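Chemist: Just so it is clear: in the sequence shown, position 332 is 332 by my numbering, and no numbers are missing. What follows is a single structure, and I will ask about it in a moment.
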Amino acid sequence: MSRVSANPNGVLALLVVSICINYIDRGALSVSAPLISTELGLSPAGMGILFSAFFWSYASFQIVAGWLVDRYPVKWVYAAGFLVWSLATAATGWVTAFGWLLAARLALGIGESVAYPAISKILVRDFPEERRGFANALVDAGSKIGPGLSTLAGGLLVAQFGWRSLFIWVGLLSLLWLLPWVRWTRSEPAQTVAGGPAGPSMLTILRRREAWGTCLGMFALGYVWYFLLSWLPSYLVNERGFSMEQMAVLGSLPFWAMALATLAGGWTSDLWIRRGGSPTRVRKTYVAGGLLLCGAAMTPAALVSDARLSVAWLVAACVALGFFTSNVWAVTQTLAGPLAAGKWTGVQNAIGNLGGVVSPLVTGWIVGATGSFLLAFLAAAVVVAMGAGAYLGMVSAVRPLVWKEAEI
C-alpha cells in the first residue's frame with residue numbers, strides 16, 4: 001500500500017492546521033459582515049448573495065477536485081488549492097466594490113474545493129477503520145476551531161483595526177503553511193498515480209443508494225452549518241443586541257463546543273468499534289443521532305427571550321452536530337474505499353454544499369421579509385431531521401462496497 005508520508009500522524013497534524021486555516025478564511029466575511037454591509041451599503045439579501053457565492057464555486061468544483069486527487073499526486077493538488085484560496089483571502093482586503101468582493105469569494109471557493117477530497121484520499125489509505133473516526137474528528141475539530149478563532153480573534157481585530165486588516169493578514173500569513181507541507185510531505189510514486197486502477201466513475205458511484213444517503217445527509221449538514229457560519233454574527237449583533245466585542249466572545253462558544261464534541265465523538269466511536277461494536281451501528285448512531293439532537297436544540301435557541309440562554313441552546317445544538325461530524329466522513333471513507341474515496345468525497349461535498357448555497361440565500365430572504373431569524377432557525381431544524389432520515393433509510397450497512405471490474 002502506497003503512503004503519502006512515512007509519518008501519517010505528522011501529515012494528519014498538517015491537515016488539521018490546514019482545515020483550521022480553511023475555515024478561518026471562509027468565515028472572515030461573516031465576522032466582518034456588519035461593517036462590510038454598512039461600508040458598501042449592502043442589504044441582507046446582498047450579503048446573502050456574497051455568503052452563497054463561495055458555495056457556487058466550492059460545490060461545483062468538488063467534482064473536479066475529486067477527480068484530480070484520485071488521478072494526480074495529492075500533495076501538489078492540495079498545495080495548489082491552498083495557494084489559490086490564501087491569495088483570494090488576502091485580495092478581499094483590497095476590494096472596493098461588490099463585484100470584486102463577489103469575484104474574490106468565487107476564487108476562494110475554487111481553491112478550497114480540493115480540501116476534503118484530498119483529506120479523504122489520505123485518511124482512507126493511511127488509517128484503518130478503528131482509527132479513522134478519531135483521525136476524521138481531529139480534522140473536523142480544525143473546521144470548528146477555525147470559525148471559533150475567526151469569530152473571537154477576528155471579531156476583536158475587526159473592532160480595533162477594521163475588516164480589511166483581517167483579510168490581508170490572515171491570507172498572507174496562511175501561506176507559511178505551504179513550507180512544511182512541501183518539505184515534509186512526499187509525493188506518491190509515479191506508478192501509483194499513472195499505473196494503478198482509476199477506480200469507479202462518478203456515474204457508477206451515483207448509481208448507489210448509499211451514495212445518495214450520504215449526499216443528502218451532507219446537504220443537511222451544509223444547510224445548518226453554513227446557516228450558523230454565515231449568519232450567527234449578524235444574528236447576535238442585530239437581533240440579540242450584542243456588541244461586536246460581546247459577539248466575538250459569545251459567538252465563538254458554539255464552535256469551541258463543537259470542536260470538543262467532535263473529538264469526543266471520534267474517540268468514543270472508535271473505542272466502541274475496538275470493543276466489538278459493528279461499524280454500521282456505531283457510525284449510524286452518531287450521524288443520525290447527532291442530526292436529530294441538533295434539530296431539537298435549534299428551535300428553542302430562536303424562541304427563548306433571554307439572549308444568553310439563546311447562546312446556550314446554540315452551544316447545545318453545535319455539541320450534537322459535533323457528534324455527527326466526527327463520523328460523517330468515516331462512513332463515506334469506509335463505503336468508498338481507497339479506489340473511490342476522492343471521487344465519492346467530491347460528489348458528496350458538491351451535493352452537500354448546495355446546502356451552503358441555499359441556506360445563506362434563504363436566510364437572507366427570510367430575515368429581509370420578516371425582520372426576524374425565527375423562521376430561519378425552524379427551517380434549519382427541519383432540514384437536519386430530513387438528513388437523519390436519509391442516513392437511516394438509505395445507508396443500510398457501513399462496510400466497504402465491492403466495485404466490479406467492469407465499473408473500474
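Beta carbons are placed, not taken as given, at the ideal position from N, Cα and C, and that holds for glycine. Note that this is a predicted model, so its numbers are computed, not measured.
Enumerate in chain order the residues of its own chain whose CB-to-CB distance from residue 81 is below 6 Å, with the five nearest sequence positions on each side excluded.
Modeler: These residues qualify, in order along the chain: 111, 114.
Chemist: Less than 6 Å between C-beta atoms, sequence neighbours within five positions excluded: which residues of the same chain meet that for residue 141?
Modeler: Same-chain partners within the cutoff: 259, 262, 263.
Chemist: Buried or exposed, going by whether 16 or more other CB atoms sit within 10 Å of the CB of residue 255?
Modeler: So residue 255 ends up on the buried side.
Chemist: Going by the CB atoms, is the gap between residue 167 and residue 89 shorter than 8 Å?
Modeler: Yes; because the gap between Cβ atoms is below 8 Å, this pair is in contact.
Chemist: Quick one: give me the first and last residue of the alpha helix (DSSP H) that residue 8 is part of.
Modeler: Segment 8-40, the alpha helix (DSSP H) holding residue 8.
Chemist: Please return the same chain residues whose Cβ sits closer than 7 Å to the Cβ of residue 282, not counting the five positions on each side in sequence.
Modeler: The answer, listed in chain order, is 269, 272, 273.
Chemist: Keeping to the same chain, check which residues put their C-beta closer than 8 Å to that of residue 411; ignore five residues upstream and five downstream.
Modeler: Because the chain here runs from 1 to 408, residue 411 falls outside it and cannot be looked at.
Chemist: Within a Cβ cutoff of 7 Å, which residues of the same chain sit near residue 398, ignoring the five residues on either side of it in sequence?
Modeler: Once the five neighbours on either side are set aside, the close Cβ partners of residue 398 are 279, 280, 283, 284, 331, 334, 335.
Chemist: Going by DSSP, what residue range makes up the alpha helix (DSSP H) through residue 404?
Modeler: That residue, residue 404, is in no alpha helix (DSSP H); it is neither H nor E in DSSP.
Chemist: Can you have a look at residue 2 and say buried or exposed, based on whether 16 or more other CB atoms are within 10 angstroms of its CB?
Modeler: Because residue 2 carries a pLDDT of 42, less than 50, the predicted location of this residue cannot be relied on, and the following value inherits that uncertainty. Residue 2 is exposed by the Cβ-count criterion.
Chemist: Looking at the secondary structure, which residues open and close the alpha helix (DSSP H) in which residue 161 lies?
Modeler: 129-161 is the span of the alpha helix (DSSP H), which, as asked, contains residue 161.
Chemist: To the nearest angstrom, how far is it from the Cα of residue 252 to the Cα of residue 315?
Modeler: In a straight line, the C-alpha of residue 252 is about 9 Å away from that of residue 315.
Chemist: Leaving out five residues on either side along the sequence, give the residues of the same chain with a beta carbon under 6 Å from the beta carbon of residue 456.
Modeler: Not covered by the structure: residue 456. The range shown for the chain is 1 to 408.
Chemist: My guess is that residue 55 and residue 357 are in contact by the Cβ rule of under 8 Å, so how many angstroms apart are they, rounded?
Modeler: Contact holds; Cβ gap of about 4 Å.
Chemist: Below 8 Å on the Cβ atoms is my guess for residue 150 versus residue 24; work out the distance and round it to an integer in Å.
Modeler: 5 Å between Cβ atoms; contact.
Chemist: Between the Cα of residue 233 and those of 353, 247, 275, 145, spot the shortest distance and give me the residue it belongs to.
Modeler: Minimum Cα distance to residue 233 is reached at 247.
Chemist: Between which two residues does the alpha helix (DSSP H) containing residue 410 stretch?
Modeler: This structure gives no information on residue 410, because the portion of the chain shown stretches from 1 to 408.
Chemist: Going by C-alpha to C-alpha distance, which of 379, 28, 235, 43 sits closest to residue 158?
Modeler: The candidate whose alpha carbon is nearest that of residue 158 is 28.
Chemist: Going by the beta-carbon positions, is the gap between residue 355 and residue 211 smaller than 8 Å?
Modeler: Contact flag unset, no.
Chemist: Where do the N-terminal and C-terminal ends of the alpha helix (DSSP H) with residue 177 fall, by residue?
Modeler: Element bounds for residue 177: n/a, residue is neither H nor E.
Chemist: Leaving out five residues on either side along the sequence, give the residues of the same chain with a beta carbon under 7 Å from the beta carbon of residue 66.
Modeler: Excluding positions up to five away in sequence, the list reads 117, 342, 343, 345, 346, 347.
Chemist: To the nearest angstrom, how far is it from the Cα of residue 84 to the Cα of residue 103?
Modeler: Their Cα atoms are separated by approximately 13 Å.
Chemist: What are the boundary residues of the alpha helix (DSSP H) that includes residue 239?
Modeler: From DSSP, residue 239 is part of no alpha helix (DSSP H); its letter is neither H nor E.
Chemist: Can you tell which of 57, 266, 350 has the C-alpha that lies nearest to the C-alpha of residue 130?
Modeler: Of 57, 266, 350, the residue nearest in Cα terms is 266.
Chemist: Between which two residues does the alpha helix (DSSP H) holding residue 82 run?
Modeler: Residues 74-92.
Chemist: From what residue to what residue does the alpha helix (DSSP H) around residue 52 run?
Modeler: Segment 44-60, the alpha helix (DSSP H) holding residue 52.
Chemist: Indicate the three-state DSSP secondary structure (helix, strand or coil) for residue 97 in the structure shown.
Modeler: In the structure shown, residue 97 sits in coil (DSSP, three-state: anything other than H, G, I, E or B).
Chemist: Give a yes or no on contact between the stretch 36-54 and the stretch 318-325, applying the rule of three or more CB pairs nearer than 8 Å.
Modeler: The stretch 36-54, when compared against the stretch 318-325, does not touch it at the 8 Å Cβ threshold.
Chemist: Between the alpha carbons of residue 182 and residue 53, how many angstroms are there, rounded?
Modeler: Going by the C-alpha atoms only, they are around 30 Å apart.
Chemist: Whole angstroms is fine: what's the gap from residue 369's alpha carbon to residue 250's?
Modeler: Straight-line Cα distance between these residues: approximately 27 Å.
Chemist: Determine the direct distance from the alpha carbon of residue 34 to that of residue 275, and round the result to whole angstroms.
Modeler: Distance between the alpha carbons of residue 275 and residue 34: 49 Å.
Chemist: Among 404, 349, 394, 17, which residue has its Cα nearest to the Cα of residue 173?
Modeler: Selected option, being the one with the closest Cα: 17.
Chemist: Count the other CB atoms within 10 Å of the CB of residue 70; is the residue buried (16 or more) or exposed (fewer)?
Modeler: Burial call: buried.
Chemist: How many angstroms separate the CA atom of residue 296 from the CA atom of residue 217?
Modeler: Near 16 Å, if we compare the C-alpha coordinates of residue 217 and residue 296.
Chemist: Less than 8 Å between the C-beta atoms of residue 36 and residue 163, yes or no?
Modeler: Result yes, Cβ atoms of residue 36 and residue 163 sit closer than 8 Å.
Chemist: Would you kindly work out how many angstroms separate the C-alpha atoms of residue 96 and residue 50, rounded to a whole number?
Modeler: Distance between the alpha carbons of residue 96 and residue 50: 14 Å.
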